[in-house]
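Colleague:
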Amino acid sequence: MKTVSTMMAAAVIAGSALVAQAAQAQAPAQMQGLKRTDILKSDFSVPGREVLQVRVDFAEGTVSPKHSHPGEEVAFVLEGTLEYQVEGRAPVTLKVGDAIFIPAGALHVAKNVGTGNAAELATYLVDKDKPLATIVK
Numbered sequence: 023m024k025t026v027s028t029m030m031a032a033a034v035i036a037g038s039a040l041v042a043q044a045a046q047a048q049a050p051a052q053m054q055g056l057k058r059t060d061i062l063k064s065d066f067s068v069p070g071r072e073v074l075q076v077r078v079d080f081a082e083g084t085v086s087p088k089h090s091h092p093g094e095e096v097a098f099v100l101e102g103t104l105e106y107q108v109e110g111r112a113p114v115t116l117k118v119g120d121a122i123f124i125p126a127g128a129l130h131v132a133k134n135v136g137t138g139n140a141a142e143l144a145t146y147l148v149d150k151d152k153p154l155a156t157i158v159k
């Protein structure tokens, strides 16, 4: 009986891995190479707003989709070199320790322009109960 339970558990784990792999393969090309790790989510002192912190990892050459947020973003480069294109501004290239402020609703794109992985710590001050990002096609 113990062997059957162990085999069933192994089958479930293997099946879960296959489903995750298939989902990644079907993700839009723009989202492949991006990994998001949620760090913090908390109510903000302004009613109806919240603060979120997220680590975003970019594989070499990865470009985020063009998107906006329902609030302000501060992106701090943790690793590598990222180029930010923010609507109405000239592109800017940031290295480790640099930061950028992105106004609420501004369309923007981030691209790993260095070699190897790049990562940012994104802090969002956004409207609660709204999607964190709106992707523009």
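Counting from 23, one number per residue, gives the positions in the sequence shown under the numbering used here. C-beta atoms are modelled at their ideal positions from N, C-alpha and C, and glycine is treated no differently. Since we're looking at a predicted model, the values are computed, not measured.
1) Can you tell me which of the three DSSP states T156 falls into?
2) Kindly indicate the opening and closing residues of the beta strand (DSSP E) around E142.
3) Which residues in the same chain have their Cβ closer than 6 Å to the Cβ of T145, if we skip the five residues on either side of it in sequence?
4) In angstroms, rounded to a whole number, what distance separates the CA positions of A140 and V158?
5) Taking 8 Å as the threshold, find out whether the stretch 120–131 comes into contact with the stretch 76–93 through three or more Cβ pairs.
Modeller: In brief:
1) As a working note, residue 156 is residue 134 in the sequence shown. Shown here, T156 sits in a strand according to DSSP, grouped into three states.
2) In the sequence shown, counting from the first residue as 1, residue 142 sits at position 120. Where E142 is concerned, the enclosing beta strand (DSSP E) stretches over A140 to D149.
3) Taking the first residue of the sequence shown as 1, we reach residue 145 at position 123. These residues qualify, in order along the chain: Q75 and V96.
4) Your numbering for residue 140 matches position 118 in the sequence shown. Your numbering for residue 158 matches position 136 in the sequence shown. So the alpha carbons of these two residues sit roughly 23 Å apart.
5) yes
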